[in-house]
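*Asks:* In my numbering, the protein residues as written are 2 to 107. Have a look at this one.
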Amino acid sequence: MADFLGMMKQAAQLQSKMQAMQDELANVEVEGISGGGLVAVRMTAKMDVKGVRIDPSLMKAEEREVLEDLLVTALSDARRKAETAMQEKMQALTGGLGLPPGLFGQ
């Protein structure tokens, strides 16, 4: 019975830590870049886009397709970085608990 109560206490602590981590992820920002810095996208580790920066040289009608491609690439880069930041936070949270890998989407 003591083992079960210990597990329940550990689960409650983990839930509290998970909520704190979710709150922290909203404040972690990454920047995805494409075109050698011509396009940049800022995003939180929770995948919320916070801003887009476009070099003025791309603001030409004939550069529309290039700009669209660079935006997609910058968003993908930001997403990969956000996922990495989220995984690092999750690893820090669950690292000492001896939980199986993949339990929380790792």
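Beta carbons: idealized from backbone N, C-alpha and C, even for Gly.
Checking the sheet assignment: what are the DSSP bridge partners for valine 50?
*Replies:* Met44
*Asks:* Considering only residues of the same chain and omitting the five flanking positions on each side of alanine 79, which have a CB-CB separation below 8 Å?
*Replies:* Val31, Glu32, Gly33, Val42, Arg43, Met44, Val50
*Asks:* Quick one: what does DSSP say valine 31 is sitting in, helix, strand or coil?
*Replies:* In the three-state reduction of the DSSP assignment, valine 31 falls in the strand class, which pools E and B.
*Asks:* Taking glycine 52 as the reference, which of Met19, Met8, Leu72 has the closest Cα?
*Replies:* Leu72
*Asks:* Determine the direct distance from the alpha carbon of serine 35 to that of methionine 60, and round the result to whole angstroms.
*Replies:* Between methionine 60 and serine 35, the alpha-carbon positions lie close to 15 Å from each other.
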